[in-house]
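So the structure is just underneath, and the comments pick up after that.
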Amino acid sequence: MRIDRLLCEMNIGSRSKVKEYIKKGQVLVNGVKVTRPDTKMEGNFFRICCNGKEYSYRPYVYYMMNKPPGVVTATSDKRDKTVLDLLKEQLLSQHQGDLAGIPVKNIFPVGRLDKDTVGLLLLTNDGALAHRLLSPKKHVPKRYLVKTDDRVLEEGLRQLTQGVRIGEDEITLPATVLQAEDENTYFITITEGKFHQVKRMFQTVGVRVIYLKRLSMGTLSLDEELPEGQIRELTQEEVADL
96 MRIDRLLCEM NIGSRSKVKE YIKKGQVLVN GVKVTRPDTK MEGNFFRICC
146 NGKEYSYRPY VYYMMNKPPG VVTATSDKRD KTVLDLLKEQ LLSQHQGDLA
196 GIPVKNIFPV GRLDKDTVGL LLLTNDGALA HRLLSPKKHV PKRYLVKTDD
246 RVLEEGLRQL TQGVRIGEDE ITLPATVLQA EDENTYFITI TEGKFHQVKR
296 MFQTVGVRVI YLKRLSMGTL SLDEELPEGQ IRELTQEEVA DL
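Using the working numbering, read the sequence shown as starting at 96 and increasing by one per residue.
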């Protein structure tokens, strides 16, 4: 990648502005001055000094969000607040209003949670990882906490475990369903990601989902200490496990 494009992706400035920094000799990469905007950058980590400020470049970033209700899982929306809007707010707060060095424009949510669904959401700019997690062929497990408006009968639980028809050509893949101690509360693990799948599955057995929270996706589990509406970066171990 060219150094001028890299600096733009890092939110350090517009293309014209970063070219100006480079031509004035104000850009150093790993301590070496860069004087050409078309200088090719090779590698996965750089220490960049631009106009007197230091940045660390990484090709990919990973954030865990405890998604709150009322926020849509999208990169943009004309009507509602999106998870990307919320991410930017949190990053601005964490970095004292300066997003330079963070490739915000390229970050997207991995998968989708309904507007009223809460819990674990991964946001990243790593397209290959997102593809692996979302590919139907991978059968990545996703675990949810479900509260319903009525109790699911034993026969209904059996049907959910074996697979049910939710209006698709094929029945859902077998799921793991456990009843919690609280009445009308369940834990369900599915390995698909069909539209409104969990809600439609429970509707099939005669109950309505009134609260839905994603607890995990693959090896990544929601941090119990992360407040609703907040984000944090994934640890190196969490990224490696994914």
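By construction, the Cβ of each residue, glycine as well, lies at the ideal position given by its N, Cα and C atoms.
Excluding the 5 residues flanking D175 on each side, which residues of the same chain have their C-beta closer than 6 Å to its C-beta? Within the sequence shown, numbered from 1, the residue matching residue 175 stands at position 80. So the qualifying residues of the chain are V167.
Less than 7 Å between the C-beta atoms of N106 and L179, yes or no? Mapped onto the sequence shown, residue 106 falls at position 11. Mapped onto the sequence shown, residue 179 falls at position 84. Cβ distance not < 7 Å, so N106 and L179 don't count as in contact.
Would you identify the three-state DSSP class for N279, choosing helix, strand or coil? As a working note, residue 279 is residue 184 in the sequence shown. In this structure, N279 counts as coil in the three-state DSSP scheme.
Within the 7 Å Cβ cut-off, does R309 reach chain B? Here there is only one protein chain, and chain B is not present.
For the putative contact between Q292 and I285, defined by C-beta atoms under 8 Å, what is the C-beta separation to the nearest angstrom? Looking up residue 292 in the sequence shown gives position 197. Looking up residue 285 in the sequence shown gives position 190. Q292 to I285, Cβ: 6 Å. Contact.
What does the alpha-carbon distance come out to for the pair R227 and K233? Looking up residue 227 in the sequence shown gives position 132. Looking up residue 233 in the sequence shown gives position 138. Whole-angstrom Cα-Cα distance: 7 Å.
Decide if L268 is buried, meaning its Cβ has at least 16 other Cβ atoms within 10 Å, or exposed. For the purposes of this step, residue 268 is taken as residue 173 along the sequence shown, with counting starting at 1. The residue is exposed, with fewer than 16 neighbouring Cβ atoms inside 10 Å.
Check for me: the beta strand (DSSP E) holding G288 runs from which residue to which? For the purposes of this step, residue 288 is taken as residue 193 along the sequence shown, with counting starting at 1. Taken as a continuous stretch (DSSP letters only), G288 belongs to no beta strand (DSSP E), as it is neither H nor E.
Excluding sequence positions up to five away, which residues of its chain have a Cβ less than 6 Å from the Cβ of E287? Position 192 of the sequence shown, counted from the start, is the residue given in the question as residue 287. Excluding five sequence positions before and after E287, the CB atoms of its chain that fall closer than 6 Å to its own CB belong to L268, given in chain order.
Whole-angstrom Cβ separation of R303 and D244, contact assumed at under 8 Å? To locate residue 303, count along the sequence shown from 1; it is residue 208. To locate residue 244, count along the sequence shown from 1; it is residue 149. Confirmed, Cβ separation roughly 5 Å.
Decide if I266 is buried, meaning its Cβ has at least 16 other Cβ atoms within 10 Å, or exposed. Here residue 266 is taken as the residue at index 171 of the sequence shown, counted from 1. So I266 ends up on the exposed side.
May I ask you to verify whether the region 128-137 touches the region 295-302, counting CB pairs closer than 8 Å and requiring at least 3? no
Since P231 and L216 are thought to touch, with beta carbons under 8 Å apart, how far apart are those beta carbons, to the nearest angstrom? Residue 231 sits at position 136 when you count from the first residue of the sequence shown. Residue 216 sits at position 121 when you count from the first residue of the sequence shown. Not confirmed; about 19 Å, so no contact.
In whole angstroms, give me the CA-to-CA distance for D315 and E115. For the purposes of this step, residue 315 is taken as the residue at position 220 of the sequence shown. For the purposes of this step, residue 115 is taken as the residue at position 20 of the sequence shown. Per the sequence presented here, residue 315 reads as Leu, with Asp not at that position. When rounded, the distance between both Cα atoms is 42 Å.
Check the DSSP bridge columns for C145 and list the partner residues they point to. One-based indexing of the sequence shown puts residue 145 at position 50. V122, K148, per the DSSP bridge assignment.
Mind checking L248: buried by the 16 CB within 10 Å criterion, or exposed? The sequence position of residue 248 within the sequence shown is 153, counting from 1. By the 10 Å Cβ count, L248 comes out exposed.
Among I202, P236, E278, nearest to R246 - alpha-carbon criterion: Taking the first residue of the sequence shown as position 1, residue 246 is located at position 151. It is E278 whose Cα lies nearest to the Cα of R246.
Segment contact, 8 Å Cβ cut-off, at least three pairs: the region 306-321 with the region 235-242: yes
Note down, one range per segment and in chain order, each alpha helix (DSSP H) of at least 4 residues found wholly within the region 191-265. Runs found: 222-229, 249-257.
Output needed for D133: all residues of its chain with C-beta closer than 6 Å, excluding positions within five of it in sequence on either side, in chain order. The residue given as residue 133 occupies position 38 in the sequence shown. Answer for D133: R97, listed in chain order.
Would you report the Cα separation of L102 and E332, rounded to the nearest angstrom? Within the sequence shown, the letter at position 7 stands for residue 102. Within the sequence shown, the letter at position 237 stands for residue 332. Straight-line Cα distance between these residues: approximately 28 Å.
Of all the options I143, L307, M136, L182, which has the alpha carbon lying nearest to the alpha carbon of L123? What you label residue 123 is simply residue 28 of the sequence shown in a count that begins at 1. L123 has its Cα closest to that of I143, out of I143, L307, M136, L182.
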